[in-house]
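In my numbering, the protein residues as written are 87 to 483.
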């Protein structure tokens with residue numbers, strides 16, 4: 087298999103951006119987990135050097151090729167393991183996640199479809215087993231990036247050299263200018279109470295309207311602090327308030343499977359009906375994971391005007407300027423509290439969860455609608471004030 091060819095200077099810049107900007111630098115007190123597959127080693131090695139140079143301790147976690155994103159269990163356990171085996175997570179694995187202070191994950195797989203074909207129950211069980219470790223990661227300073235691999239290029243239908251250039255260029259630009267555009271929308275999200283999203287269902291030839299409450303929500307501006315590449319303004323809505331229908335047209339890769347043309351129907355905050363033009367079985371597996379996987383945990387606007395090509399990988403497609411995405415599953419605690427770890431914040435978050443406003447689930451799966459010309463997105467508004475796409479980004483109307 088042909089290996090990606092990336093300029094060493096670009097790799098150095100990429101690693102430096104992740105360490106100095108995305109996770110806010112490293113101190114001698116930091117233990118930084120660096121996770122990824124062998125194929126992503128050229129970037130992981132440079133991240134390791136940056137952490138060492140800053141005086142921190144690198145904890146390099148090499149992911150086996152049959153394990154999607156280094157979850158607690160591999161596809162093999164999903165296919166052959168029992169519920170009792172899934173529950174017996176080694177203590178060292180828990181300790182490793184608990185002791186890290188910062189987390190850098192380099193996506194990029196040799197075999198992205200390793201989880202494809204898992205029975206729905208097995209896929210749900212693996213997601214549930216991994217959720218405590220996802221929660222530990224999300225409670226730390228973290229960032230995710232993607233290393234271009236031949237398998238991903240093939241899935242995207244792009245020649246490897248072209249794919250590598252696109253990914254590297256998008257991942258090594260200064261993300262900080264994105265902040266100014268996101269700040270223009272921040273007051274709308276911060277002060278708004280009700281969001282309305284109108285999409286077009288091409289198969290049924292009708293408009294669909296989805297509404298949700300933002301009354302308890304806090305907007306989060308994303309400019310290279312959690313994802314690289316980046317560019318979105320997002321929050322977690324009141325999960326119990328979501329009502330209506332939405333159509334999401336852009337293909338998204340999940341577990342090695344393409345999902346596209348998704349139609350979701352919500353009543354009383356729950357998905358009561360769903361379909362997909364492609365990948366419906368995978369969507370069913372996601373929605374069937376637990377009760378929280380039938381609710382929304384996020385709504386976001388893509389704000390990166392430089393990402394004009396909508397790749398299938400969620401890390402890229404959800405950032406495309408002029409797109410909107412929602413996430414099936416878990417809410418972000420940061421969408422309700424600025425400092426979720428503060429004692430008074432914990433009490434409020436538990437109260438919001440008890441009221442069904444903050445959603446908990448083993449899943450968090452982003453699905454995307456295109457509001458650019460030719461897409462199925464029609465209108466977005468907050469408290470009746472429109473938000474429109476101009477110059478490749480969302481702006482107040």
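Using N, Cα and C, we set each Cβ at its ideal position, and we do this for glycine too.
Just so you know, these numbers come straight off a predicted model, no measurement behind them.
If we count the other Cβ atoms within 10 Å of its Cβ and call it buried at 16 or more, is residue 255 buried or exposed?
Result: exposed.
Taking the Cβ atom as the reference point for each residue, do residue 330 and residue 297 lie within a distance shorter than 8 Å?
Result yes, Cβ atoms of residue 330 and residue 297 sit closer than 8 Å.
CA-CA distance, residue 99 and residue 122?
Approximately 18 Å between the Cα atoms of the pair.
Could you name each continuous alpha helix (DSSP H) segment of 4 residues or more that falls completely within the region 376–421, going from the start of the chain to the end?
Qualifying alpha helix (DSSP H) stretches, in chain order: 400–403.
Got a sec, what are the start and stop residues for the beta strand (DSSP E) residue 362 sits in?
Start and end: 356–364.
Quick check on residue 115: does DSSP put it in helix, strand or coil?
DSSP places residue 115 in coil when its eight states are reduced to three.
Can you tell me whether residue 171 is helix, strand or coil according to DSSP?
In this structure, residue 171 counts as helix in the three-state DSSP scheme.
Find out if the Cβ-Cβ distance for the pair residue 271, residue 472 is shorter than 8 Å.
Against a cut-off of 8 Å, the Cβ pair of residue 472 and residue 271 comes out as no contact.
Where do the ends of the beta strand (DSSP E) carrying residue 318 lie?
Its beta strand (DSSP E) spans residues 318–321.
Considering only residues of the region 169–239, which uninterrupted beta strand (DSSP E) runs meet the minimum length of 3 residues and lie entirely inside it, listed in chain order?
Here the runs fully enclosed are 188–193, 227–232.
Taking the alpha-carbon positions, what's the residue 96 to residue 176 distance?
Distance between the alpha carbons of residue 96 and residue 176 is about 38 Å.
Among the candidates 268, 208, 120, 441, whose CA atom is the shortest distance from the CA of residue 390?
Measuring from the Cα of residue 390, the nearest candidate turns out to be 268.
Within 10 angstroms of the Cβ of residue 138, are there 16 or more other Cβ atoms? Answer buried if so, exposed if not.
The residue is exposed, with fewer than 16 neighbouring Cβ atoms inside 10 Å.
Only counting the same chain, and skipping five residues up and downstream in sequence, which positions put a Cβ closer than 7 Å to that of residue 257?
Excluding sequence neighbours, residue 257 sits near 100, 231, 314, 315.
If you follow the beta strand (DSSP E) that residue 94 is part of, which residue opens it and which one closes it?
Residue 94 -> not in any beta strand (DSSP E); alpha helix (DSSP H) instead, spanning 94–103.
Are any of the Cβ atoms in chain D nearer than 8 Å to that of residue 90?
Of the protein chains in the structure, only one exists, and it is not chain D.
How big is the Cα-Cα spacing for residue 224 and residue 163?
The straight-line gap from Cα to Cα measures roughly 24 Å.
Can you have a look at residue 370 and say buried or exposed, based on whether 16 or more other CB atoms are within 10 angstroms of its CB?
Exposed, by the Cβ-count rule.
Considering only residues of the same chain and omitting the five flanking positions on each side of residue 464, which have a CB-CB separation below 7 Å?
Excluding sequence neighbours, residue 464 sits near 284, 285, 286, 293.
Note down, in chain order, each residue of its chain lying with its Cβ closer than 6 Å to the Cβ of residue 358, except the 5 sequence neighbours on either side.
Result list for residue 358: 351, in chain order.
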